[in-house]
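**Student:** One structure, pasted below without further comment.
Number of protein chains: 2
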Amino acid sequence: MYVTNANQAVDMADFAQFPTETCALPETRLAAGAHLFREGDAVTRIYQVVAGVVSLNRLLEDGRRQIIAFGLPGDLVGFPCDGRHHTDCEALSLVRLQPFRITQIDCATGDPVLRARFMEAALHEIAAMQDHFMMLGRKSAAERVASFLIALDARTGQDRDGQRRVDLPMSRADIADFLGLTTETVSRVLSQLRKSRVIALDGIHRVVFLRPAALRALATGDCD
Amino acid sequence: MYVTNANQAVDMADFAQFPTETCALPETRLAAGAHLFREGDAVTRIYQVVAGVVSLNRLLEDGRRQIIAFGLPGDLVGFPCDGRHHTDCEALSLVRLQPFRITQIDCATGDPVLRARFMEAALHEIAAMQDHFMMLGRKSAAERVASFLIALDARTGQDRDGQRRVDLPMSRADIADFLGLTTETVSRVLSQLRKSRVIALDGIHRVVFLRPAALRALATGDCD
DNA sequence: CGCCGAGTTGACAATGATCAAGACCTGTGG
DNA sequence: CCACAGGTCTTGATCATTGTCAACTCGGCG
């Protein structure tokens, strides 16, 4: 999952399920904290997240971390480049994944339907990453957090009592590493949104949208 | 072109030329400042840069700009998503481009060889963008500029008198919008590198690498 | 020669990072 | 069921990096 402009829905979730019957590999399960693959690993499978959340990470030698994307249900993770993974993939919760053999995609012997869907997913991935660049390069801390909440809501938000609410299945540190901020800054922005009654926090890992319009304005910088 | 870690060569340039004979469309020429396409345009062609440089841009309503990537000779630009372009594409110099019909790629009627190369290019694009995330999210201004010079050198650098030298075909503002900085900061970092004898500036648009090792150390943060 | 845009440099401000302390969950064991 | 321990989260104080605003220089071109 990447963060997009408020007015652009993230549509990875709209993808039709991959045709599992054509290449039935058993579902993989992963406990929170476990790694599915690491940067540099040879790619033999790609995975569609069925349930739970994963993160795609890159590390710098000195420990700085950037989360490239979160993998939510419906997302495809593990795009190869020259046969290798270019990120770590870590489970943030109990995760279920549907694996697909890479051989079914990258050569002429594979399934054309699967290959076409894979191509489509890769192009969506590129478009989503392009949106995310704008955020990392040009948006303020408040804009980033607001954009993140809106994007997450578009993917996994629920209606309850006429209010949108969204779970944050990841830690503040994960959010910070995704947005290019520190945990302290993420925490401060959330507190500020809470104090200004734009959101409410229902426990640490659930956000209720009190004034969605204000949040949208914040995300796009229209509040000035 | 994206900026990668210093130790990872940008390899888009290694791609075999696309088989132009299979779908011979005439080369497109574009003057500096002209737009090849804009965000939202329907995608009918994708293009391989033959000569010159283009930039792929995204804009925020308030004018903030992020350059997603520079398109250097060999690079493929115009990846579609749901049939639309998701960035503007602007020529930064006189540019020559080889167009390809999108119909040859996205459906079963297309050329399999071309489609495979397109797939490969898309996956390389994803990997390159992942590298760039680390820079925008986690690197300091000096690290970004140093990384940028090294990445550009890997693509278009020349040897002369035993020294590497690289042209900067874009303005300081373009570099800033690519790196998520301001023109002033880019200028200051370049001045500082010049004063510390890491680089020399041979005119505004040419950099000579005096101490490449120091530049590499700077790019990866090893200088501390 | 003078103009004009791009680039550079300086002074200052602001945003977000860092460092530190305290509060709050959550799981474990008595 | 409660107490404790360890991590996560929040909040405050301070600092550093980078952005902003402004002045000035440089280089190309009429």
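Those sequence lines, one after another, are chains A and B.
Numbering of the first sequence is given in the UniProt record's numbering, commencing with residue 1 and proceeding in unit increments.
Numbering of the second sequence is given in the UniProt record's numbering, commencing with residue 1 and proceeding in unit increments.
Positions of the beta carbon are idealized from the N, C-alpha and C atoms, including for glycine.
Between the Cα of Glu-39(A) and those of Ala-31(A), Gln-48(A) and Cys-81(A), spot the shortest distance and give me the residue it belongs to.
**Tutor:** In the first sequence, residue 39(A) corresponds to position 39, counting from 1. Among Ala-31(A), Gln-48(A) and Cys-81(A), the Cα nearest to that of Glu-39(A) belongs to Cys-81(A).
**Student:** For residue 245(B), which residues does DSSP report across the bridge?
**Tutor:** No answer is possible for residue 245(B): it lies beyond the span of chain B, which begins at 1 and ends at 224.
**Student:** On a Cα-Cα basis, can you pick out the residue from Asp-131(A), Ile-175(A) and Ala-69(A) that is closest to Ala-141(A)?
**Tutor:** The count along the first sequence starts at 1 and reaches residue 141(A) at position 141. Of the listed residues, the one whose Cα sits closest to Ala-141(A) is Ile-175(A).
**Student:** What does Glu-61(A) touch in chain B if you count any residue whose Cβ is under 7 Å from its own?
**Tutor:** Locating residue 61(A) in the first sequence gives position 61, where the first residue counts as 1. The contacting residues are Thr-220.
**Student:** Could you check how far apart the C-beta atoms of Gly-221(B) and Gln-66(A) are, in whole angstroms? I think they sit under 8 Å.
**Tutor:** Counting from one through the second sequence, the residue named residue 221(B) turns up at place 221. Counting from one through the first sequence, the residue named residue 66(A) turns up at place 66. About 13 Å separates the two Cβ atoms, so there is no contact after all.
**Student:** Out of Ile-105(A), Leu-210(A) and Ser-191(A), which has the shortest C-alpha to C-alpha gap to Val-166(A)?
**Tutor:** Taking the first residue of the first sequence as position 1, residue 166(A) is located at position 166. Looking at the Cα atoms, Leu-210(A) is the closest of the given residues.
**Student:** I'd like to know whether the C-beta of Phe-133(A) is nearer than 8 Å to at least one C-beta of chain B.
**Tutor:** Residue numbering aside, residue 133(A) sits at position 133 when the first sequence is read from its first letter. So, interface residue.
**Student:** Are the C-beta atoms of Pro-73(B) and some chain A residue less than 8 Å apart?
**Tutor:** On the second sequence, residue 73(B) is found 73 positions in, with the first residue counted as 1. Output row for Pro-73(B): interface = no.
**Student:** Could you tell me the boundaries of the alpha helix (DSSP H) in which Leu-152(B) lies?
**Tutor:** The sequence position of residue 152(B) within the second sequence is 152, counting from 1. Per DSSP, Leu-152(B) belongs to the alpha helix (DSSP H) from 141-156.
**Student:** With contact counted as at least three CB pairs below 8 Å, one residue from each stretch, are the region 72-88 of chain B and the region 92-100 of chain A in contact?
**Tutor:** As far as the Cβ criterion goes, the region 72-88 of chain B does not touch the region 92-100 of chain A, which means the pair count is below three.
**Student:** Are any of the Cβ atoms in chain B nearer than 8 Å to that of Phe-209(A)?
**Tutor:** Translated into positions along the first sequence, residue 209(A) becomes position 209. For Phe-209(A), the answer is no, since every Cβ of chain B falls outside 8 Å of its Cβ.
**Student:** Whole-angstrom Cβ separation of Val-207(B) and Leu-149(B), contact assumed at under 8 Å?
**Tutor:** For this step, residue 207(B) is matched to residue 207 along the second sequence. For this step, residue 149(B) is matched to residue 149 along the second sequence. So it is a contact: roughly 6 Å between Cβ atoms.
**Student:** Show which residues of chain A have a CB atom less than 7 Å away from the CB atom of His-86(B).
**Tutor:** Walking along the second sequence from the start, residue 86(B) turns up at place 86. Correct list: Ala-127 and Gln-130.
**Student:** Closer than 7 Å between beta carbons: that is the criterion. Which residues of the UniProt domain "Cyclic nucleotide-binding" (24-78) of chain A meet it against chain B?
**Tutor:** Listed in sequence order: Arg-58, Leu-60, Glu-61, Asp-62, Arg-64, Gln-66 and Ile-68.
**Student:** Are the Cβ atoms of residue 238(A) and Leu-168(A) separated by less than 8 Å?
**Tutor:** Because residue 238(A) is not part of the residues shown, which for chain A are 1 to 224, the question remains open.
**Student:** Identify the continuous beta strand (DSSP E) that holds Glu-39(A) and give its terminal residues.
**Tutor:** Counting from one through the first sequence, the residue named residue 39(A) turns up at place 39. Careful: Glu-39(A) lies outside any beta strand (DSSP E) and carries neither H nor E.
**Student:** So Val-145(B) and Val-198(B) are in contact, right, with Cβ under 8 Å, and what is the actual spacing, rounded?
**Tutor:** As a working mapping, residue 145(B) is identified with position 145 in the second sequence. As a working mapping, residue 198(B) is identified with position 198 in the second sequence. At roughly 11 Å, the Cβ-Cβ gap does not stay under 8 Å, so Val-145(B) and Val-198(B) are not in contact.
**Student:** Who does Gly-71(B) pair with in a DSSP beta bridge?
**Tutor:** Locating residue 71(B) in the second sequence gives position 71, where the first residue counts as 1. Gly-71(B) is bridged to Val-54(B).
**Student:** Pick out whichever of Arg-64(B), Ala-200(B) and Ala-69(B) has its Cα sitting closest to the Cα of residue 229(B).
**Tutor:** This structure cannot settle anything about residue 229(B), because the visible part of chain B is limited to 1 through 224.
**Student:** Can Val-54(B) and Leu-76(B) be called in contact, C-beta distance under 8 Å?
**Tutor:** As a working note, residue 54(B) is residue 54 in the second sequence. As a working note, residue 76(B) is residue 76 in the second sequence. Not a contact, by the Cβ cut-off of 8 Å.
**Student:** In terms of residue numbering, what span does the beta strand (DSSP E) encompassing Val-198(A) cover?
**Tutor:** As a first step, residue 198(A) must be located in the first sequence, where it is residue number 198. It is not in any beta strand (DSSP E) - Val-198(A) carries neither H nor E in the DSSP assignment.
**Student:** Do Ala-51(B) and Arg-96(B) have their beta-carbon atoms positioned less than 8 Å apart in this structure?
**Tutor:** Working through the second sequence from its first residue, we reach residue 96(B) at position 96. Working through the second sequence from its first residue, we reach residue 51(B) at position 51. Yes, they are a contact pair.
**Student:** Taking Cβ positions only, does Leu-136(A) come closer than 8 Å to chain B?
**Tutor:** Looking up residue 136(A) in the first sequence gives position 136. By this cut-off, Leu-136(A) is an interface position.
**Student:** Would you give the residue range spanned by the beta strand (DSSP E) that Glu-90(B) belongs to?
**Tutor:** As a working mapping, residue 90(B) is identified with position 90 in the second sequence. That run of the beta strand (DSSP E) goes 88-91.
**Student:** What residues of chain A sit near Met-119(B), judged by a beta carbon separation below 9 Å?
**Tutor:** As a position in the second sequence, residue 119(B) is number 119, starting the count at 1. Within 9 Å Cβ-Cβ: Ile-105, Asp-106, Arg-115, Phe-118, Met-119 and Ala-122.
**Student:** Kindly list the residues whose CB is nearer than 7 Å to the CB of Ala-9(A), restricted to its own chain and excluding five residues on each side of it in sequence; keep chain order.
**Tutor:** As a working note, residue 9(A) is residue 9 in the first sequence. In this predicted model, Ala-9(A) has a pLDDT of only 36, less than 50, meaning its place in the structure is not dependable; the value taken from the coordinates is given anyway. These residues qualify, in order along the chain: Ala-154.
**Student:** Using DSSP with H/G/I as helix, E/B as strand and the rest coil, what is Arg-64(A)?
**Tutor:** Along the first sequence, read from residue 1 onward, the residue named residue 64(A) stands at position 64. In this structure, Arg-64(A) counts as coil in the three-state DSSP scheme.
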